[in-house]
Structures are given as C-alpha cells and as structure tokens.
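Everything below concerns the one structure shown next.
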C-alpha cells in the first residue's frame, strides 16, 4: 500500500532505529508504529492505544524524543492532569469503537455499503467547515481566549449534529447515537480544556498533550475506518507539508486553539507532510 510506504520512508528518514527484528514490537519505535498504523493496526483493543503511544522507546531522535522525555517528566509534575487525560483518551477510543459498530451495523441491516456512509460523512464535514469559515473571523484576526473557547464549542456542536444527521439517515438509532456522541464529545472537550488550561503557562507541555491526543485519534480512525479514510480526512482538513493550508479548516482550527505556529519536527508537522505525499 503506497500510503504505508510513504509513511515508513518518511519516518525512517527522520528517525534512527537499528536492530528492530519485528513489527510486533508495535510502538517500540515511531517508524514501526507509523507503518503499522497505515497497514491495519493489529492492536487487540483500541482502548489499549494509550499504553502503545506513551510506551515509545528512546530510539526516537530529535524533537519527538525531546517531547517524549518532557512527557515522562510531566507525568511526575502533573499526575492528576495526566490521569485525567488518560481517562478521556481511553473513553474517546472506546466510544469511537461503539459508534463505528452502531453505524456500520445499521447500514448493513439496510443493505447499504458502509463506504457510502463514509463518503457522505466526508462530504458533509467538508461542507460544514466551509460554513464555519464564513461564520468565524479570519485567521489573521486571532480571537481572545473566551472567543476561542466559544468557537471550539460551536465547532464541536456542529460536528456532532452533522454526524448524527448522516448516521440517522442510514438507519442508526438516534437515542443510541446520542448516548455515544455525548460521551465522545465530553471526552474531547475535557482534553481540550486540559490543554488550554496549561497552554499559557506551560506551552510545551500543552503541545505534548495535543500530540498524544492527535496520535490516538489517528490510530482510532485508521483502525476503524481504514488508512485511506485517514489520509482523505487529513487532506480535507487542510494539512499540508508547510503547515495548515490557508483557507482550510486546519488553518482556522490552529488559530482557534492556540493562535500560534505548529513546531517543526513535531508529530503534527509529520502528519502534514504525510497528508500531501501519501497515496492510497
């Protein structure tokens, strides 16, 4: 699969990892984990992804290694925040799995290809972000903390509404869906609150938390919906090799969340390059 080779080649060029005998070591190296991510992610349970992410080995070099070392140190300095983040991350992973099962099961009962559901979700989310761009101020007009919080809440509400509309259209139970989406969004909001609360005083720590959340989200998407869906999601979102592309959801959300640039060499910047170079 071309996207897997793109990922592996890119990560192998960035990271030095000698002596790896098997990809069954999973997240013992970021290169191996990235390859597995796009090759089906043979992880027994999505809920176990947290331990896979934070268990990366010291073979990683550069900014990512520095960030992981900071994260290990942060676990000692901020045990309650890390504990809260872990609970929210596992909750999101578990809920995403349940949502996937509900929607896919409903589509199968209606004899509708699941790919049709995914295609409509992709298109609907793209339309949604185009609408949000018109609603909120342009990226150069960086919003205040209060306005940024309101914007994020609005985005999450609209994303939930859009997902529910499409899923219900294809036969999923509205009551069951709302139970799951409520739990999912609660976890997302909790993670964002933790990150925002630490951004002003502990910017680097906040970025580390964001990287972990992004890594888990990518794992969940790739495992449940396939690597091509993840790649398309990144491109639709607007992630490019030099940062969020002007006028795309990525550019807007970056400003809403932090109002700053994405650090070069970070996991997020690597995802940016993958989005533009990978192919399914």
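In the working numbering, the protein residues as written are 24 to 303.
Just so you know, even glycine gets a beta-carbon here, dropped at the ideal spot from N, CA and C.
Quick caveat, the model's predicted, so the values are computed rather than measured.
### Message
Just verifying my parser: in three-state terms, what is the DSSP assignment at residue 135?
### Response
Three-state result, residue 135: coil.
### Query
Does the pairing of the stretch 111-121 with the stretch 193-212 give three or more beta-carbon distances under 8 Å?
Contact between the stretch 111-121 and the stretch 193-212 is present: three or more C-beta pairs spanning the two stretches fall below 8 Å.
### Message
Taking 7 Å as the limit between beta carbons, can you name the residues of its chain near residue 147, skipping five residues before and five after?
### Response
185 and 189.
### Query
Which same chain residues, not among the five before or five after residue 236, have their C-beta less than 8 Å away from its C-beta?
Contacts found: 108, 112, 214 and 218.
### Message
Using the three-state DSSP reduction, which class does residue 223 fall into: helix, strand or coil?
### Response
Here residue 223 sits in coil by DSSP.
### Task
Apply the 10 Å Cβ neighbour rule to residue 64 and answer buried if 16 or more other Cβ atoms are within range, or exposed otherwise.
Residue confidence for residue 64 is low, a pLDDT of 33 falling below 50, so the modelled location carries little weight and cannot support an answer.
### Message
Suppose contacts are defined by Cβ-Cβ distances below 9 Å. Is residue 125 in contact with residue 196 by that definition?
### Response
Taking 9 Å as the cut-off, the beta carbon of residue 125 is found closer than this to the beta carbon of residue 196.
### Task
Determine the direct distance from the alpha carbon of residue 106 to that of residue 78, and round the result to whole angstroms.
Reliability fails at residue 78, whose pLDDT of 49 lies under 50, so the model's placement of it is uncertain and the value that follows must be treated cautiously. Distance between the alpha carbons of residue 78 and residue 106 is about 15 Å.
### Query
Under a Cβ-count criterion, where at least 16 other Cβ atoms within 10 Å of its own Cβ denotes burial, should residue 178 be classed as buried or exposed?
Buried, by the Cβ-count rule.
### Task
Using only alpha-carbon positions, find the residue among 142, 224, 192 and 154 that is nearest to residue 129.
Nearest option by C-alpha distance: 192.
### Task
Would you kindly work out how many angstroms separate the C-alpha atoms of residue 206 and residue 115, rounded to a whole number?
Between residue 206 and residue 115, the C-alpha separation is close to 8 Å.
### Query
Can you list, in chain order, the stretches of the alpha helix (DSSP H) that have 4 or more residues and sit fully within the stretch 141-212?
Listed in chain order, they are 168-192.
#### Entry: Environment of residue 211 [buried if 16+ CB atoms lie within 10 Å]
When all chains shown are included, residue 211 counts as buried.
### Query
Can residue 155 and residue 171 be called in contact, C-beta distance under 9 Å?
Not in contact: residue 155 and residue 171 (Cβ atoms no closer than 9 Å).
#### Entry: Candidates 127, 221 and 226: closest to residue 103 by CA position
Of the listed residues, the one whose Cα sits closest to residue 103 is 221.
### Message
What would DSSP say about residue 86, mapped onto helix, strand or coil?
### Response
With a pLDDT of 48 at residue 86, under the threshold of 50, the predicted position of this residue should be treated as unreliable, though the coordinate-derived value follows. Residue state, collapsed to three classes: helix.
### Query
Out of curiosity, what's the CA-to-CA distance linking residue 187 and residue 157?
Each residue's alpha carbon lies about 22 Å from the other.
### Query
When the Cα atoms are used, what is the spatial distance from residue 151 to residue 229?
Cα-Cα distance, rounded: 27 Å.
#### Entry: Where residue 100 falls, given that 16 or more other Cβ within 10 Å makes a residue buried
Result: exposed.
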